[in-house]
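Taking it in order: structure first as structure tokens, then the write-up.
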């Protein structure tokens, strides 16, 4: 019972933090998505000890574990593009897949090489 | 009907998670199998996306707070991130630019329209940034959201496999690449691969969107 109250309270806290981020980024015209702004703000709150991590751990861990769920209803929106998929689907897929592979290997490859070099120096 | 659509999505997601645990494979990645299953069911029921939208709006209410919650793995892994600031920054900047350039050039090479070329450049970043950035350079915002979803699912399904094939085992570098090219959807998979992957992918997702928003308006006209 106590765990359930704690869980709901933590989720409510994250909702408030997100809504505040929406408000701040909109009023101050900050060109960063509210969710990313909120993530950085919470990181700052945790790092400075204003919010201890046990204060959000239960709710945050649950949301992290099921993050994929929240994207499903949005991704279902692809069904509205049936015509485009039928006409240009293959080209579009090749472009998205090809460019994602290039970006992925460049990012991870460069980071792996530079990290290995950094470790050699030490 | 809205209640039914919500229950349907939850049941499909729970089933997809079960299948992914029983048969671990890139092709059983829950976000991929669930999305495909829900689309097939809606089409069979002759339901349009407009009719599903009220259910979508309710279910995505927690997406923002869930993204904010990614600060927790970030916080737990802050020491690793600070130690590897140079490889992180270099990977992020070069990786983001190569994703943008390759998508525009590939679209042009495949004979896709100019609107699609512009829209393709934002596909790697989180939806709100993608939509705004697409509009600035003459892309289509609705199409941008569709590309972002496809890139995200592709990264979640194929990203870990491709990295393993390329011999990149380092959890830090794996998370960085996945977050950079496939934003929150890739991150949702990276979180499950391991805590370091999840933390780095969250950071990469955030910074890739910031870099894209800053760089794209002047980079795109040069391509």
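Chains as they are written, first to last, in this note's numbering: chain A, 25 to 146; chain B, 126 to 348.
Note that the Cβ used here is the ideal one computed from N, Cα and C, for glycine as well.
Just so it is clear, the structure is predicted and the values come from calculations on it, not from any experiment.
- Message: If the cut-off is 9 Å on Cβ atoms, which residues from the region 194 to 217 of chain B count as contacting chain A, listed in chain order?
- Response: 194, 195, 196, 197, 198, 199, 200, 201, 203, 208, 209, 211, 212, 213, 215, 216 and 217
- Give the interface partners of residue 295 (chain B) over in chain A, defined as CB-CB distance under 9 Å, in chain order. 132, 135, 136, 139 and 140
- Item | For residue 111 (chain A), three-class secondary structure by DSSP | helix
- Rounded C-beta distance between residue 237 (chain B) and residue 112 (chain A)? I'm assuming under 8 Å. 7 Å
- Query: By the criterion of Cβ-Cβ separation under 7 Å, what are the contact partners of residue 79 (chain A) in chain B?
  - Reply: Going along chain B, no residue has its Cβ under 7 Å from residue 79 (chain A), so there is no contact; the nearest lies around 10 Å.
- Task: Tell me, please, whether the CB atom of residue 231 (chain B) is closer than 7 Å to any CB atom in chain A?
- Result: yes
- Task: Could you tell me whether any Cβ in chain B is nearer than 7 Å to the Cβ of residue 92 (chain A)?
- Result: yes
- Task: Please compile the residues from chain A whose C-beta is within a distance smaller than 9 Å of the C-beta of residue 400 (chain B).
- Result: Past the boundaries of the shown model lies residue 400 (chain B); chain B is included only from 126 to 348, so the question cannot be answered.
- Task: Going by CA-CA distance only, name the one from A:86, A:44 and A:74 that's closest to residue 28 (chain A).
- Result: A:86
- Closest Cβ-Cβ distance between residue 345 (chain B) and chain A: below 7 Å? no
- Item | For residue 308 (chain B), the three-state DSSP class (helix, strand or coil) | helix
- Three or more C-beta pairs below 8 Å linking the region 210 to 218 of chain B and the region 301 to 315 of chain B: yes
- Query: Do the CB positions of residue 220 (chain B) and residue 243 (chain B) come within less than 7 Å of each other?
  - Reply: no
- Taking Cβ positions, are residue 179 (chain B) and residue 252 (chain B) nearer each other than 7 Å? no
- Measuring only between beta-carbons, confirm whether residue 119 (chain A) sits less than 7 Å from chain B. yes
- Query: Apart from the five residues on each side of it in sequence, which residues of its chain come closer than 7 Å, Cβ to Cβ, to residue 256 (chain B)?
  - Reply: 266, 269 and 270
- C-alpha distance - residue 136 (chain A) paired with residue 172 (chain B), whole-angstrom precision: 46 Å
- Message: Would the region 188 to 198 of chain B count as touching the region 321 to 334 of chain B if we require 3 or more Cβ pairs under 8 Å?
- Response: yes
- Query: If we cut at 7 Å on Cβ distances, does residue 41 (chain A) have a partner in chain B?
  - Reply: yes
- Task: Would you mind stating whether residue 334 (chain B) and residue 60 (chain A) have Cβ atoms separated by less than 7 Å?
- Result: yes
- In this structure, does DSSP put residue 265 (chain B) in helix, strand or coil? coil
- Message: Counting only Cβ-Cβ distances shorter than 8 Å, please list the residues of the region 307 to 333 of chain B near chain A, keeping chain order.
- Response: 307, 309, 310, 312, 313, 314, 316, 317, 323, 327, 329, 330 and 331
- Message: Tell me the DSSP secondary structure of residue 221 (chain B) in three-state form.
- Response: helix
- Between the region 280 to 300 of chain B and the region 316 to 326 of chain B, are three or more C-beta pairs nearer than 8 Å? yes
- Message: Please list, in chain order, the chain B residues whose beta carbon lies closer than 7 Å to that of residue 38 (chain A).
- Response: 190, 193 and 194
- Task: State yes or no: is the beta carbon of residue 129 (chain A) nearer than 7 Å to at least one beta carbon in chain B?
- Result: yes
- Message: For the ligand GDP, is there any heavy atom lying closer than 6 Å to the beta carbon of residue 81 (chain A)?
- Response: Although the ligand GDP was asked about, the structure shown includes no ligands whatsoever.
- Cβ-based neighbour list, residue 199 (chain B), same chain, cut-off 7 Å, excluding 5 preceding and 5 following: 324, 327 and 328
- Query: Within the 7 Å Cβ cut-off, does residue 111 (chain A) reach chain B?
  - Reply: no
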